[in-house]
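Asks:
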Amino acid sequence: MWERKMARRRRNALKEIAFDKHDKVLFPRTSLRQFPRYQQARRTVAKLKRQVSDRRNDKLQKLTTQLVQDFDVIVVEKLNTQGMLKNHHLARAISNAGWGKLVTMLQYKCDWYGKQLIMVDPKYTSRICSACGQKNHQFDGLSQHEWLAVREWQCPTCGTHLDRDINASQNILQRGLAQITPIKALA
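Numbering (UniProt numbering), first residue to last: 1 to 187.
1. Report the residue ranges of all beta strand (DSSP E) runs contained in full by the UniProt domain "Probable transposase IS891/IS1136/IS1341" (37–87); include only those spanning at least 3 residues, in chain order.
2. Measuring alpha carbon to alpha carbon, tell me which residue in V68, Q179, G159 and S126 is nearest Q170.
3. Taking the beta carbon of E77 as the centre, do at least 16 other beta carbons fall within 10 Å, making it buried, or is it exposed?
4. Does the Cβ of I118 have 16 or more other Cβ atoms within 10 Å, making it buried, or fewer, making it exposed?
5. Given a threshold of 16 other Cβ atoms within 10 Å of its Cβ, counted over all protein chains shown, does F139 qualify as buried or as exposed?
6. When you compare the CB positions of R175 and D121, do they come within less than 9 Å of one another, or not?
7. Could you tell me the distance, in whole angstroms, from the CA atom of N57 to the CA atom of L67?
8. Check the C-beta distance from V52 over to W2 and give it rounded, since I have them as a contact under 8 Å.
9. According to DSSP, simplified to helix, strand and coil, what is I17?
10. CB-CB under 8 Å to R9, same chain, minus the five flanking residues each way: which ones, in chain order?
Here is the structure:
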């Protein structure tokens, strides 16, 4: 709501600046700083955005602390957030989620608490059966958009019925557990 108010007040202020300039007013207004209602809306929007950002940061801090305290090894996929931001339909939601910040917090907290964070390449994690390890070649010819529409599939090798997201998370966990490096015992 306040973003729309700010945009409307900015438009009106710019119209008045153009009007003053055109009519050669004695004391023309030349900048947006001379419009107190626009400045008020700008400050309110900045305050609301700051509050949302603070809440997000607080939630991420609490979540990452809980994860690091509860688990010795944390496995996450390497997300290409820059590539995902190119999708204009999802860009705002992805940037608001703060995935990069989540991974950064996990990294420094794992180092701090002496825990292990493993980053896994997510390539083909949803196309490989987590039960038998075979890649499903039925989906090789599909475009990315068509593949994303497939939510569930049946493994042609072992016959297991798989949900794409759960299967991918199980494969990421398996790949991460395969990369675990033993931690030296404290002596």
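The beta carbon of each residue, even a glycine, is placed where N, CA and C say it ideally should be.
Replies: If we stick to the structure as given:
1. 73–77
2. S126
3. buried
4. buried
5. exposed
6. yes
7. 15 Å
8. Not quite, the Cβ-Cβ distance comes to about 12 Å (not below 8 Å), so this is no contact.
9. helix
10. F35, R37, Y38 and A41
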